[in-house]
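Below you'll find the structure, written out as structure tokens, and then a few comments.
Structure (structure tokens):
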């Protein structure tokens with residue numbers, strides 16, 4: 001994986017920008033495709049589960065590690 005992929009499946013993240021900003025989620029997979037907030041460009045990013053049944057595609061710079069995991 002390239003330098004854009006900081007997280008792996010199961011990592012807890014917080015969405016920092018876009019229509020789902022502020023919501024916590026869990027990384028499902030790393031992808032290179034169009035995202036929900038940037039539909040006209042292909043970008044490295046993640047499929048993030050934000051509810052039990054809602055998966056969104058986000059760019060790599062739209063997520064950060066959840067605060068409670070930062071001390072690892």
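Numbering (this note's numbering), first residue to last: 1 to 72.
Beta carbons are placed, not taken as given, at the ideal position from N, Cα and C, and that holds for glycine.
Which term fits residue 33, buried or exposed, when burial requires 16 or more other beta carbons within 10 angstroms of its beta carbon?
exposed
Below 8 angstroms on the Cβ atoms is my guess for residue 48 versus residue 25; work out the distance and round it to an integer in Å.
4 angstroms
Grouping DSSP H, G and I as helix and E and B as strand, with all else coil, what is residue 53?
coil
For residue 82, three-class secondary structure by DSSP
Outside the shown range of the chain (1 to 72) lies residue 82, about which nothing can therefore be said.
Given that a residue counts as buried once 16 or more other Cβ atoms are within 10 Å of its Cβ, and exposed if not, what is residue 10?
exposed
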